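**Q** Have a look at the structure that comes next, please.
Residue numbers (the working numbering): 107 to 273.
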């Protein structure tokens, strides 16, 4: 069956085709580095439907209706909304201004200190400001019946904490 004999596709059909084209582009190449505007899709649509001003306008309407964000080079981004992109950019800006460090917890070990729930905040404050323990833990997390300490040197943390518990 030859699609060239059919009339123009609906706007919804154009959106589906555009979405499929961009999804394929991203899955095959990792990013969209080809499609910036409606005219970039026209060769594909003209291979399926008769070329006409009406087809061009329908593809333009579909692009406008999809309201896709664009990356910094002007290429359409298929897998994010404009709101998601704005949120991501705000987060990137915030992180670049701060002293953030991504730290994998894969090699961390845990130490658990059982303690009354009412004293957890105070205990974390004291432990995190204790000179002997500084630089020996990644983080401390309150739990329902104590504190979990994540560290890369479990024996050192246990030794330091045991030194005050056993005295």
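Yeah, the Cβ is synthetic: ideal placement off N, Cα and C, and Gly gets one too. A quick note: this is a predicted structure, and the numbers were derived from the prediction, not measured.
#1: Of all the beta strand (DSSP E) runs that stay within the bounds of the segment 134-201, which reach a length of 3 or more residues?
#2: Measure from the alpha carbon of residue 243 to the alpha carbon of each residue in 171, 180, 233 and 220, then state which is nearest.
#3: Determine whether the beta carbon atoms of residue 183 and residue 147 lie at a separation below 9 Å.
#4: Among 227, 222, 210 and 237, whose alpha-carbon lies nearest the alpha-carbon of residue 257?
#5: Tell me which same chain residues have a C-beta within less than 6 Å of the C-beta of residue 108, skipping the five on either side of it?
#6: In the DSSP assignment, find the beta strand (DSSP E) that holds residue 253 and state where it starts and stops.
#7: Buried or exposed: residue 247, going by 16 or more other Cβ atoms within 10 Å of its Cβ?
#8: By the three-class DSSP mapping on this structure, what secondary structure does residue 109 have?
#9: Residues bridged to residue 211 by DSSP?
#10: So, is the C-beta of residue 219 closer than 9 Å to a C-beta in chain C?
#11: Buried or exposed: where does residue 164 fall if 16 or more other Cβ atoms within 10 Å of its Cβ makes it buried?
#12: Which first and last residues belong to the beta strand (DSSP E) in which residue 225 is found?
**A** Reading off the structure:
#1: none
#2: Taking the first residue of the chain shown as 1, we reach residue 243 at position 137. Considering only alpha carbons, the answer is 233.
#3: Here residue 183 corresponds to residue number 77 of the chain shown, with the count starting at 1. Here residue 147 corresponds to residue number 41 of the chain shown, with the count starting at 1. For residue 183 and residue 147, no; Cβs fall outside 9 Å.
#4: The count along the chain shown starts at 1 and reaches residue 257 at position 151. Cα-wise, what sits closest to residue 257 is 210.
#5: By 1-based counting over the chain shown, the position of residue 108 is 2. Its pLDDT being 47, under 50, residue 108 is placed unreliably by the model, and the measurement read from it follows with that caveat. Cβ within range, chain order: n/a, list empty.
#6: Residue 253 sits at position 147 when you count from the first residue of the chain shown. Per DSSP, residue 253 belongs to the beta strand (DSSP E) from 252-257.
#7: Indexing the chain shown from 1 puts residue 247 at position 141. Exposed, since its Cβ has fewer than 16 Cβ neighbours within 10 Å.
#8: Sequence index remark: in the chain shown, residue 109 carries index 3 (1-based). Confidence is the limiting factor: at residue 109 the pLDDT is only 48, short of 50, which leaves the residue's position unreliable, though a coordinate-based value still follows. Three-state result, residue 109: helix.
#9: Here the question's residue 211 lines up with position 105 in the chain shown. Residue 211 pairs with nothing; no bridge assigned.
#10: Of the chains in the structure shown, none is chain C; there is only one protein chain.
#11: As a first step, residue 164 must be located in the chain shown, where it is residue number 58. By the 10 Å Cβ count, residue 164 comes out buried.
#12: Taking the chain shown and counting its residues from 1, the one referred to as residue 225 is at position 119. Looking at the DSSP string, residue 225 is not in any beta strand (DSSP E), and its letter there is neither H nor E.
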